[in-house]
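What follows is a set of notes on a single structure, which appears directly below.
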Amino acid sequence: MQRRDFLINTGILSSTIVMSACGSNNSDVVAVDQPIPDGAVTLYYEFKIAGPEIQAMMQNVGEEATALEEKTGFLGLSMKMMIGDSTMVNNMMPDLKGVLKSAYIDAAQVGRRPFLYALLIRFDNYDNLMASGAKEWFSNTIEPQLFAYQPGTPPTKTPIILDYYQGIYKTVAAGDSDGIYTTQEQILAFLQNQKDVVNATYQVIPADGTSSGASVSVQNHVVISNDDTDAINTKATALLTVAQETYQPSTNDTNGDSGTLSDSNYRKAITTEILQNAFAYGDTRNYLFHGVWESIADHENSHLDPRFMQAAGPVGAYVIAGPSEPFYQTVMLKNNNG
158 MQRRDFLINT GILSSTIVMS ACGSNNSDVV AVDQPIPDGA VTLYYEFKIA GPEIQAMMQN
218 VGEEATALEE KTGFLGLSMK MMIGDSTMVN NMMPDLKGVL KSAYIDAAQV GRRPFLYALL
278 IRFDNYDNLM ASGAKEWFSN TIEPQLFAYQ PGTPPTKTPI ILDYYQGIYK TVAAGDSDGI
338 YTTQEQILAF LQNQKDVVNA TYQVIPADGT SSGASVSVQN HVVISNDDTD AINTKATALL
398 TVAQETYQPS TNDTNGDSGT LSDSNYRKAI TTEILQNAFA YGDTRNYLFH GVWESIADHE
458 NSHLDPRFMQ AAGPVGAYVI AGPSEPFYQT VMLKNNNG
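Taking the working numbering, the leading residue of the sequence shown gets 158, the next gets one more, and so forth.
Quick look at the structure:
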């Protein structure tokens, strides 16, 4: 069942956050009388799925990623599995760093929760996305797999339908170790060369929050008043620049040191990206602040840097729901840059 709010409002820290998205049962409804976005777009899904369905789902997504390579304007695809939640994004005390770093995946693996995935399908423009059939593919292929299972040996499929979220987003700004990107040409190149360390299965997070051999993605979910779209785009781009360029220690170094949950060190983000919902829902609009980091500790420590906190304040002032910033590991990546 498609829903109009982020699935993350059913997550660990954010059970009271309801973030309106683009439609109740049809996300195109709100596009009526709204201009289509210029430039690159992302068809974004969040979906819950039971463990017995994951292998078939992964195969289906892999086949679609290959098929999309033949579609005009396809830039790339990535799929990310939710593993936990950031605490530092909610300005909690530093001694709570990382306490939820793998809380979601730990519960899913023992059957207490369904697994949760984020799927990002990138195209050079809205018309090519809509012509690609990607939305229809999800409805016809993935949605029929989204049913709850009753725990047992073996688990038993039930008629209970699991929710999913669908939205169309445009990239406002992005960054990596080479620079900050705000023009359409720069953003197209960025999206064709997504940087992630891919592991098809979950890589256990060390107790100190350091790298497990997998990069860690974050997607900070927030909602703002639609009237504030231009203002937050300006302020969020400034925040992205700070997030992309700061690190600790900042003396006699160019990238900082690998952080742990017991210190304040961190390396620069691998990538950062601001995703704005292409369509408002009523008088609100959804955003995703998407980043890739070398470790959970690096990300959490970055939130405690005074430079980041100073830049984040003006953005936070516009947020009317959120922030909720889960951790993910990337399980699939396709860059169509050939």
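All C-beta atoms in this analysis are idealised placements derived from N, C-alpha and C, irrespective of residue type, glycine included.
Quantities reported herein were computed from a predicted structural model and do not represent experimental measurements.
Which same chain residues end up closer than 6 Å to residue 475 when comparing Cβ atoms and leaving out the 5 residues on each side of it in sequence? Against the sequence shown, residue 475 aligns to sequence position 318. Only 381, 385 and 389 meet the Cβ criterion.
Does the separation of the CB atoms of residue 369 and residue 376 fall below 9 Å? Sequence index remark: in the sequence shown, residue 369 carries index 212 (1-based). Sequence index remark: in the sequence shown, residue 376 carries index 219 (1-based). No. Outside cutoff.
Beta-carbon proximity list for residue 461, same chain, < 7 Å, skipping 5 on both sides: Looking up residue 461 in the sequence shown gives position 304. Result list for residue 461: 245, 251 and 421, in chain order.
Should residue 213 be labelled buried (16 or more other beta-carbon atoms within 10 Å of its own) or exposed? Residue 213 sits at position 56 when you count from the first residue of the sequence shown. When all chains shown are included, residue 213 counts as exposed.
In or out: residue 241 buried (at least 16 other Cβ within 10 Å) or exposed? As a first step, residue 241 is located in the sequence shown; it is residue number 84 there, counting from the start. Its Cβ being crowded by 16 or more others within 10 Å, residue 241 is buried.
So within the region 272-345, which uninterrupted alpha helix (DSSP H) runs reach at least 4 residues, ignoring any that extend past its ends? 283-288 and 291-294
When DSSP builds the beta bridges, which residues end up paired with residue 478? Here residue 478 is taken as the residue at index 321 of the sequence shown, counted from 1. For residue 478, which the question treats as bridged, DSSP gives the partners 380.
When the Cα atoms are used, what is the spatial distance from residue 191 to residue 324? As a working mapping, residue 191 is identified with position 34 in the sequence shown. As a working mapping, residue 324 is identified with position 167 in the sequence shown. Whole-angstrom Cα-Cα distance: 15 Å.
Beta-bridge pairing of residue 421 - partner residues as DSSP gives them: The residue given as residue 421 occupies position 264 in the sequence shown. None, per the DSSP bridge assignment.
Any contact of the region 402-420 with the region 295-305, i.e. 3+ C-beta pairs under 8 Å? no
So residue 203 is in the beta strand (DSSP E); what residue range does that whole segment cover? In the sequence shown, residue 203 corresponds to position 46, counting from 1. Per DSSP, residue 203 belongs to the beta strand (DSSP E) from 198-206.
Go through its chain and collect everything with a Cβ distance to residue 468's Cβ below 7 Å, but skip five positions before and after it. Position 311 of the sequence shown, counted from the start, is the residue given in the question as residue 468. Only 395, 396 and 399 meet the Cβ criterion.
What would DSSP say about residue 487, mapped onto helix, strand or coil? Taking the first residue of the sequence shown as 1, we reach residue 487 at position 330. Three-state result, residue 487: strand.
Quick one: Cα of residue 436 to Cα of residue 202, how far? Along the sequence shown, read from residue 1 onward, the residue named residue 436 stands at position 279. Along the sequence shown, read from residue 1 onward, the residue named residue 202 stands at position 45. C-alpha separation (whole angstroms): 15 Å.
In terms of DSSP beta bridges, what is residue 373 paired with? Within the sequence shown, numbered from 1, the residue matching residue 373 stands at position 216. In the DSSP output, where bridge partners are listed per residue, residue 373 has 450.
Residue 351, DSSP secondary structure in three states: In the sequence shown, residue 351 corresponds to position 194, counting from 1. Residue 351 falls in the coil class under three-state DSSP.
List the whole-angstrom C-beta distance separating residue 199 from residue 278, where the pair is believed to meet the contact cut-off of C-beta under 8 Å. Within the sequence shown, residue 199 is the residue found at index 42, counting from 1. Within the sequence shown, residue 278 is the residue found at index 121, counting from 1. Yes, they are in contact, since the Cβ atoms of residue 199 and residue 278 sit about 7 Å apart, within 8 Å.
Contacting residues, own chain, Cβ-Cβ under 6 Å from residue 285 (five flanking each side not counted): Start at 1 with the first residue of the sequence shown, and residue 285 comes out as number 128. Cβ within range, chain order: 229 and 230.
Option nearest residue 236 by Cα separation, candidates 364, 427 and 354: Taking the sequence shown and counting its residues from 1, one reaches residue 236 at position 79. Checking every option, the nearest Cα to that of residue 236 belongs to 354.
Can you pull the DSSP bridge partners for residue 430? Start at 1 with the first residue of the sequence shown, and residue 430 comes out as number 273. Paired residues: 331 and 447.
Proximity below 9 Å, CB of residue 224 to CB of residue 282: Counting from 1 along the sequence shown, the entry for residue 224 is found at position 67. Counting from 1 along the sequence shown, the entry for residue 282 is found at position 125. No, these two residues do not count as a Cβ contact at 9 Å.
Span of the alpha helix (DSSP H), counted from its first residue to its last, around residue 215: Position 58 of the sequence shown, counted from the first residue, corresponds to residue 215. Counting along the chain, the alpha helix (DSSP H) containing residue 215 begins and ends at 211-225.
With a threshold of 8 Å, are at least 3 pairs of Cβ atoms found where one atom belongs to the region 253-268 and the other to the region 448-458? yes
Leaving out the 5 sequence neighbours to the left and right, which residues in its chain are closer than 7 Å to residue 270 when beta-carbon positions are compared? Position 113 of the sequence shown, counting from 1, holds the residue named residue 270. Hits under 7 Å: 261 and 264.
Which residue from 314, 248, 221 and 243 puts its Cα closest to that of residue 463? Translated into the one-based positions of the sequence shown, residue 463 becomes position 306. Among 314, 248, 221 and 243, the Cα nearest to that of residue 463 belongs to 248.
Distance between residue 446 and residue 481 (C-alpha atoms, nearest Å): The residue labelled residue 481 in the question sits at position 324 within the sequence shown. The residue labelled residue 446 in the question sits at position 289 within the sequence shown. When rounded, the distance between both Cα atoms is 10 Å.
Short Cβ contact (9 Å threshold) for residue 491 with residue 320: For the purposes of this step, residue 491 is taken as residue 334 along the sequence shown, with counting starting at 1. For the purposes of this step, residue 320 is taken as residue 163 along the sequence shown, with counting starting at 1. No, the pair does not count as a contact, with Cβ atoms beyond the cut-off.
Residue 357 versus residue 488 - alpha carbon distance: Counted from its first residue, the sequence shown places residue 357 at position 200. Counted from its first residue, the sequence shown places residue 488 at position 331. For residue 357 and residue 488, the distance between alpha carbons rounds to 4 Å.
The alpha helix (DSSP H) spanning residue 465 covers which residue range? Translated into positions along the sequence shown, residue 465 becomes position 308. 463-473 is the span of the alpha helix (DSSP H), which, as asked, contains residue 465.
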